[in-house]
Structure formats: C-alpha cells, structure tokens
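*Asks:*
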Amino acid sequence: MKLRTLAVLTLLLSGCSANSSLRAYDNSLEQFDGIEVNEQHQSVIAKANWHHGAVDCDNNQSAAHEVYQHDQQTFIIRQNKCLTFEAPFIYVFVGSEKILLLDTGALTDEPKHSLYQTLQQTLGREQLTRKELLVLHSHSHSDHYQGDAGFEGVENIKLVPTTASDVNRFLGFDNWPQGQKVIDLGDRAITVLATPGHQEEAITLYDHKNQWLMTGDTLYPGLIYVKDWQMYRNSIERLTTFALNNQVTAILGAHIEMKKQPSLYYPIGSTYQPDEASLDLKVQSLHQLNAQLQQHQQPTEIIFDRFIIKPMNGFQRLLSNIARWITQ
Ligand SMILES: [Zn+2]
Ligand SMILES: [Zn+2]
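Following the working numbering, the numbering of the sequence shown begins with 48 at its first residue and continues without gaps.
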C-alpha cells in the first residue's frame, strides 16, 4: 500500500512492532457460526512458495513477474520483491468475452518489466486482441496502478482510472458503498463490493468460478492500515454477510508481509522474506476480524495470528489525504 511507503519513516521512528500492541487476540481455535477455526492452514492454491526476494537483490536474476496459473482461466501474478518491496499480487480472470485484470502493480511500465508483455506471453496475443481487457484497481494507492501507462491507448482495453468519480461511474453504485455490482466476463461472473476503510476507493471482487474473494489491501496477511475506522468496520461487516451467503474458498489480498510464525511480520521495506506466510486467508479470518471489530467501536490495534489491524494516526491520515488530493 502506498501509505506504507509514505509512512516508513514515521513507523520506523515510532518503533512499531507486533509486540507493542494494544489488543492481542488469540485466535488459535474458535467457533464462528458453527465453523471451527483451525490454525492448520491448508492453502487452496497449489503454489506453496512465491519468489520472496533475495539477500543480494543487486544480483537477483528472477523475472519481474512471477505467474501462477491456477486453471486455464485464472492467473495470479506477483511482482519481484527485489524490484519493489511492496511485491503486490495482481489477478487475471478470463471469461469467454472479456479478461479482467485487477491492479497493474507497483512497477512503472518499462520494456524490462512490462506487465502487458507478461499478459501477452501468458494469455497469447490472439486472445488478448480478440477479448476486451478490462483493467480495474483494488484501490487507488500507487503500488496498485503504477503499471497503468502500459495499458493506456492500447486497442480493446478498458482502463478504469483510479479516481472516485471514475470508479463510481464505471461500477454504477447507486449508494456507495452499499450494494453489489456484477461484471459479466462471458460465462464468468465477478461480483464487486465497495469496501472503503483502508482507502476510500477500495473494492473487493468475488470470483464465482473459484469462489475467491480478492480483498486488495482491505484484508491480507500483513500489517493492514485502516484510515477510516467506521468505514472499515462497516465494510468488513458487509463482506462477512456476503461470505455467509456465498461460499468463499479463499481470501486473496494484494501483499504478503506476515511470517509463518503467528503475529510476526517482516519490517516495512523488506526485500527478502524467506519465511513468509501463505497468500490466502480462510473465510474464518474474516469472521474473526468482524467479531473483533464489532467489539471495538474506536480505532484499536488488533493483532491476529495471520494479520494485524492498525489504525492510522492523525499524521498518517494527513499524509494520505495530501497524496489523495494530488492524485484525485
Ligand atoms: Zn498495497
Ligand atoms: Zn493500500
């Protein structure tokens, strides 16, 4: 998330760590609506380890984009941690008529790490030309749209800019953030929910085919900053309700910052994460988060085994507002 970049200095100065929390939540085993929460994490993604950076990034030869093919129509791309410490995850959903790309990552568009070129290699030029490529963003932090320039002006591409007005115009929410919208990719439906809180324009996607929730920076295995606490609480409550009405096999966010060990994370700016946690969270994590947020009406740091919720302080919100004012 972009704020992480902006806040590196303040956080380092403040000595933030998981151990200095206000609320530590033991979630090793608990019941939610009859669902037993078991910490033995079984990933629904066959890929166990992502490229997680290197001790010597100067001599790192790994590709800029690591592509995981889940099935014929579903791809997850991670950007190289040596090229960007954010190492965001980018999602590709292929329908019979359209292809949806969620986020363009933290790398600017350059020939040596062109995301469009990676898509051409992954999906084939013919398919990319024949089907419309729809580019959406999980939210408007710059580590999720830096690659946009590589898609601007390309034929048969619909690139939705990250501003609130553009996102709203395209998705057509009557009463943001209430309601849901469905994008039809051709024999494949993607439901969109507005989930502000981490950031104003944050959305979450649900892929009906794989029953995945793509939560961006709203929920992922890391240190999750919350800008607007009440918005976030409401968003998580709506997501939880959605997950009660729709089967969710995995929650997939945009970064990995946690270690495998409970409640421990790699410091901001890390370019080597040899012991990082798996990408996907189970739906029980969402239930746990919602239950805790319901109990905390005021901004409170809450530590879970697999992620940490951290309210922004006033200075961080100010920085975020300035950055947003510049880009919106
Ligand atoms: Zn991010
Ligand atoms: Zn973010």
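For each residue, glycine too, the CB sits at the ideal point set by N, CA and C.
Since this is a predicted model, take the numbers as computed values, not measurements.
CB of residue 184 to nearest heavy atom of ligand 1: below 7 Å?
*Replies:* Not under cutoff, so the answer is no.
*Asks:* Out of 129, 260, 360, which one is the CA nearest neighbour of residue 149?
*Replies:* Of the listed residues, the one whose Cα sits closest to residue 149 is 260.
*Asks:* Would DSSP call residue 248 helix, strand or coil?
*Replies:* The answer is coil: DSSP assigns residue 248 none of H, G, I, E or B.
*Asks:* Use the C-beta contact count for residue 316: other C-beta atoms within 10 angstroms, 16 or more gives buried, fewer gives exposed.
*Replies:* With fewer than 16 other Cβ atoms within 10 Å, it is exposed.
*Asks:* Got a sec: does ligand 1 put a non-hydrogen atom nearer than 7 Å to the Cβ of residue 380?
*Replies:* The structure shown does not extend to residue 380, since the chain spans only 48 to 375, so no value can be given for it.
*Asks:* Express the C-alpha separation of residue 300 and residue 190 in angstroms, rounding to a whole number.
*Replies:* Going by the C-alpha atoms only, they are around 13 Å apart.
*Asks:* Is the stretch 207-215 touching the stretch 154-172 in the sense that three or more CB pairs, one from each, lie closer than 8 Å?
*Replies:* Contact between the stretch 154-172 and the stretch 207-215 is absent, because fewer than three Cβ pairs lie under 8 Å.
*Asks:* Skipping 5 residues on each side, what residues in its chain have a beta carbon closer than 6 Å to that of residue 81?
*Replies:* Confidence in residue 81 is poor, its pLDDT being 40 and thus under 50, which makes the residue's placement unreliable; the coordinate value appears in the next sentence. If we look at residue 81 and ignore the five residues flanking it on each side, it has no Cβ neighbours.
*Asks:* Jot down the residue ranges of each uninterrupted beta strand (DSSP E) in the stretch 106-188, minimum 3 residues, whole runs only, in chain order.
*Replies:* Counting whole runs of 3 or more residues, the stretch 106-188 contains the beta strand (DSSP E) stretches 112-118, 121-126, 136-141, 145-149, 179-183.
*Asks:* Between the Cα of residue 138 and the Cα atoms of 263, 193, 175, 226, which residue gives the shortest distance?
*Replies:* When each option's Cα is compared against that of residue 138, the closest is 263.
*Asks:* DSSP three-state label for residue 190, please.
*Replies:* Here residue 190 sits in helix by DSSP.
*Asks:* Where residue 121 and residue 359 are concerned, what is the direct C-alpha to C-alpha distance, given to the nearest angstrom?
*Replies:* Approximately 34 Å between the Cα atoms of the pair.
*Asks:* Do residue 147 and residue 183 have their beta-carbon atoms positioned less than 8 Å apart in this structure?
*Replies:* Yes. Within cutoff.
*Asks:* So residue 111 and residue 133 are supposed to be a Cβ contact under 8 Å. How far apart are they, rounded?
*Replies:* Contact flag wrong, Cβ pair sits at about 13 Å.
*Asks:* Let's see if you can read the secondary structure: which residues bound the beta strand (DSSP E) around residue 361?
*Replies:* Run containing residue 361: none in the beta strand (DSSP E); it sits in the alpha helix (DSSP H), 361-374.
*Asks:* What does the alpha-carbon distance come out to for the pair residue 290 and residue 105?
*Replies:* Residue 290 and residue 105: Cα-Cα distance of roughly 43 Å.
*Asks:* Please classify residue 362 as buried or exposed, where buried requires at least 16 neighbouring CB atoms within 10 angstroms.
*Replies:* Exposed.
*Asks:* Mind checking which residues open and close the alpha helix (DSSP H) that includes residue 214?
*Replies:* Note, residue 214: alpha helix (DSSP H), 211-218.
*Asks:* For the stretch 265-285 against the stretch 341-352, are there 3 or more C-beta pairs whose distance is under 8 Å?
*Replies:* As far as the Cβ criterion goes, the stretch 265-285 touches the stretch 341-352, which means the pair count is three or higher.
*Asks:* Just list the residues that DSSP pairs residue 291 with in beta bridges.
*Replies:* The partner list for residue 291 (beta bridge, DSSP) is empty, contrary to what the question assumes.
*Asks:* Taking the alpha carbon of residue 323 as the reference point, which residue from 332, 131, 312 has its own alpha carbon closest?
*Replies:* Comparing Cα-Cα distances from residue 323 to each of 332, 131, 312, the minimum goes to 312.
*Asks:* Under 7 Å: does the beta carbon of residue 246 sit that close to some heavy atom of ligand 2?
*Replies:* It does: the Cβ of residue 246 is within 7 Å (strictly closer) of some heavy atom of ligand 2.
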